[in-house]
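> Got a structure for you, questions after.
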Amino acid sequence: MPEAVATKRRIQGGVATTNLVLSAHVTGNADVFPTVIDLHVAPGSKVADVTYGKGVFWKKVPPGKYQLFPSDLKTGIDCTKLPYENESLDCVVLDPPYMEGLFRGSKNQLAGSGTHAAFRENYSNGQASSIDGPKWHDAVLDLYFRAGIEARRVLRNGGTLIVKCQDEVSANRQRLTHVEIINEYVGYGYYAKDIFVVVRTNRPVMSRLKKQVHARKNHSYFLVFVKVPVNKNPRLYRPRSNSSSNG
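So the sequence shown is numbered by the working numbering: it starts at 1070 and just counts up by one.
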């Protein structure tokens, strides 16, 4: 009988450690975002933050680590109509308004008045939504969807889309925004690569509470998507109309 051929035993590499990037964080966006982008986007990459606002996400990112292109409605750039060439960016960061109260047909009905004016300033252009477009929570989703399509256009194949969102209760119905976005974006040709949960450090307050029927949201998400080339998975991509704008 022939002698048995000796085989090498596979030796596992790496070291045991607890120094890991975790998925859930009790802190603010400025602390979590550097962890998200550091894990998924290489230094020197071209990154367009298309809802830049006051730049909260970037406060703890070392200046010059990325080629940053900041823009928002106040700079005259709509996140659904970007000025970049096709497949010209490595990463897009998207954080549009995610409260249906910021999408109303009249300015005096917009959420974020009084002591919440700062929230409206950071997450809305303060203008009424189109009366012809989707309403309430569907208006929130419509903006995310159209912005996701535009991000796909400007991202290179394998590029990264980082999306900030939060679930909400609209018209007394639970709307799991992060699930709705993931399901839709997969259909556009994105791979849902990662998810980070951000838990606020203080307790939310609700005025005029009569009876609570849903758990109050005190967490939000960073979703990380990767653009999948259409020719590798053509069944995924189903284009939508991207002609209207919610701002």
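Idealized CB from N, CA, C, for every residue including glycine.
Since GLY1217 and VAL1295 are thought to touch, with beta carbons under 8 Å apart, how far apart are those beta carbons, to the nearest angstrom?
Going by Cβ atoms, the distance from GLY1217 to VAL1295 rounds to 13 Å, so no, they are not a contact pair.
> Quick check on the DSSP output: the beta strand (DSSP E) that includes VAL1248 runs from which residue to which?
Premise fails: VAL1248 lies in the alpha helix (DSSP H), 1246-1257, not in any beta strand (DSSP E).
> Around the Cβ of LEU1158, are there at least 16 other Cβ atoms within 10 angstroms (buried) or fewer (exposed)?
Answer is buried; the Cβ neighbour count reaches 16.
> Would THR1246 be called buried (16 or more neighbouring beta carbons within 10 Å of its own) or exposed?
THR1246 should be labelled buried.
> Are at least three pairs of beta-carbons, each pair with one atom in the stretch 1091-1102 and one in the stretch 1255-1274, less than 8 Å apart?
Judged by Cβ distances under 8 Å, the stretch 1091-1102 makes contact with the stretch 1255-1274, as three or more pairs qualify.
> Quick test of the definition: if touching needs 3 or more C-beta pairs under 8 Å, does the stretch 1281-1296 touch the stretch 1114-1122?
In short, these stretches do not touch, since the Cβ pair count stays below three.
> Measuring only the C-alpha atoms, how far is GLU1154 from CYS1160?
Answer to the nearest angstrom: the Cα atoms are 13 Å apart.
> Taking the alpha-carbon positions, what's the ASN1252 to LYS1143 distance?
Near 30 Å, if we compare the C-alpha coordinates of LYS1143 and ASN1252.
> The beta strand (DSSP E) that contains HIS1283, what's its start and end?
Taken as a continuous stretch (DSSP letters only), HIS1283 belongs to no beta strand (DSSP E), as it is neither H nor E.
> Which residues bound the beta strand (DSSP E) around TYR1213?
First-last for TYR1213: 1205-1223, but that is the alpha helix (DSSP H), not the beta strand (DSSP E).
> Measure the C-alpha to C-alpha separation of HIS1283 and GLY1082 and round it to an integer number of angstroms.
If I take the Cα positions, the gap works out to 47 Å.
> Identify, in the order they occur along the chain, each residue of the same chain with its Cβ nearer than 7 Å to the Cβ of ALA1220, setting aside the five sequence neighbours on each side.
Excluding sequence neighbours, ALA1220 sits near VAL1161, LEU1163 and LEU1230.
> Determine the extent of the alpha helix (DSSP H) in which PRO1103 is found, giving its start and end residues.
Element bounds for PRO1103: 1098-1109.
> Going by C-alpha to C-alpha distance, which of LEU1278, ASP1118 and LYS1129 sits closest to ILE1146?
It is ASP1118 whose Cα lies nearest to the Cα of ILE1146.
> Kindly list the residues whose CB is nearer than 6 Å to the CB of PRO1139, restricted to its own chain and excluding five residues on each side of it in sequence; keep chain order.
Within the same chain, PRO1139 has close Cβ partners ASP1118 and TYR1121.
> Using the C-alpha atoms, what's the distance from LEU1292 back to VAL1255?
When rounded, the distance between both Cα atoms is 12 Å.
> Going straight from the alpha carbon of PRO1166 to that of LYS1077, what length do you get?
Straight-line Cα distance between these residues: approximately 56 Å.
> Which class does VAL1130 belong to by DSSP, given the choice of helix, strand or coil?
Correct three-state label for VAL1130: coil.
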